[in-house]
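Here numbering that gives the first Met the number 0 is used: the first residue of the sequence shown is 0, the next is one more, and so on.
Here a beta-carbon is modelled for each residue, glycine too, at the ideal position from N, C-alpha and C.
Input: a single structure, listed below in structure tokens.
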Amino acid sequence: MKKPTISIGIPAYNEEANIKNLLLNLLDQKANNFVLKEIIVNSDGSTDDTVKIGKSVKDKRIKIISHSRRYGVNKAQNEITRHATGDILVMINADVLPKDFHFLSNLIKPLLKDKNVGIVGANTISLPSRNLLERILANSHEMKQFLYSRISNADNVFLCHGRARALSKELYKQLVWPSDCPEDGYSYFFCKQKGFKFLCLNLFF
0 MKKPTISIGI
10 PAYNEEANIK
20 NLLLNLLDQK
30 ANNFVLKEII
40 VNSDGSTDDT
50 VKIGKSVKDK
60 RIKIISHSRR
70 YGVNKAQNEI
80 TRHATGDILV
90 MINADVLPKD
100 FHFLSNLIKP
110 LLKDKNVGIV
120 GANTISLPSR
130 NLLERILANS
140 HEMKQFLYSR
150 ISNADNVFLC
160 HGRARALSKE
170 LYKQLVWPSD
180 CPEDGYSYFF
190 CKQKGFKFLC
200 LNLFF
């Protein structure tokens with residue numbers, strides 16, 4: 000059976016500290032059930048070395064889009080969806096890292112099993128806290144994730160966050176983010192409006 004292709008979209012603004020680590024991690028993901036077709040990095044008016052460092056990772060599948068001014072994440076993601084050609088689009092924030100090298104493979108499984116699934120989200124874990132404030136923020140995050148996972152059997156807008164989502168081609172090619180609303184919440188309600196399912200997996204990155 001032919002493996003589906005994946006496009007990865009990364010909207011980025013001043014992410015020189017993490018962009019190389021993220022790209023290398025994504026290139027090293029175990030492609031058990033997919034073919035990595037392209038990684039599209041959209042630098043949205045970055046004033047640091049995000050573009051330079053991104054281009055230093057030599058792989059023909061990496062495509063860098065660079066803008067001299069900042070337009071916002073909604074427009075950056077719209078540009079990514081216009082350029083993406085994969086059967087599945089995985090949208091990932093530029094300031095995170097998948098926890099393991101099976102993340103992409105596991106994230107897309109529901110889309111491969113059920114054509115009615117439009118978006119698959121993933122959970123997040125915080126880095127180890129270095130001080131009291133960071134512990135408070137990390138504990139708050141974990142508590143919110145715990146509570147959200149128990150609302151409507153984990154089918155709710157709070158779990159459709161922008162840090163990492165896999166979208167079916169049938170959905171992402173219809174999706175256009177307006178400029179005046181939160182992009183993650185909009186994608187959840189758009190998914191539901193179009194009759195697709197949303198799932199949030201207990202995957203961490």
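- Give me the Cα-Cα distance between Leu22 and Lys193, rounded to the nearest whole angstrom. For this step, residue 22 is matched to residue 23 along the sequence shown. For this step, residue 193 is matched to residue 194 along the sequence shown. Near 32 Å, if we compare the C-alpha coordinates of Lys193 and Leu22.
- Message: Checking the sheet assignment: what are the DSSP bridge partners for His66?
- Response: Reading the sequence shown from its first residue, position 67 is the one you call residue 66. His66 pairs with Asp43.
- Query: Does the Cβ of Arg81 have 16 or more other Cβ atoms within 10 Å, making it buried, or fewer, making it exposed?
  - Reply: Within the sequence shown, residue 81 is the residue found at index 82, counting from 1. Label assigned to Arg81: exposed.
- Distance, Ile107 Cα to Val119 Cα: Within the sequence shown, the letter at position 120 stands for residue 119. Within the sequence shown, the letter at position 108 stands for residue 107. C-alpha separation (whole angstroms): 7 Å.
- Compute the beta-carbon to beta-carbon distance between Ser104 and Lys29, rounded to the nearest angstrom, for a pair I have assumed lies under 8 Å. As a first step, residue 104 is located in the sequence shown; it is residue number 105 there, counting from the start. As a first step, residue 29 is located in the sequence shown; it is residue number 30 there, counting from the start. Rounded, the Cβ-Cβ distance is 6 Å, consistent with contact.
- Task: Mind checking which residues open and close the beta strand (DSSP E) that includes Pro231?
- Result: In the structure as shown, the chain starts at 0 and stops at 204, and residue 231 therefore has no counterpart that could be examined.
- Hey, how far is the Cα of Arg69 from the Cα of Asp43? Position 70 of the sequence shown holds residue 69. Position 44 of the sequence shown holds residue 43. Between the C-alpha atoms of Arg69 and Asp43 there is a straight-line separation of about 5 Å.
- Backbone secondary structure at Phe189 - three-state DSSP: Start at 1 with the first residue of the sequence shown, and residue 189 comes out as number 190. Phe189 falls in the helix class under three-state DSSP.
- Message: Which same chain residues end up closer than 6 Å to Phe203 when comparing Cβ atoms and leaving out the 5 residues on each side of it in sequence?
- Response: Working through the sequence shown from its first residue, we reach residue 203 at position 204. Since pLDDT at Phe203 reaches only 49, below the 50 mark, its modelled position is unreliable, and the value read off the structure follows with that caveat. Hits under 6 Å: Lys98, Asn122 and Ile124.
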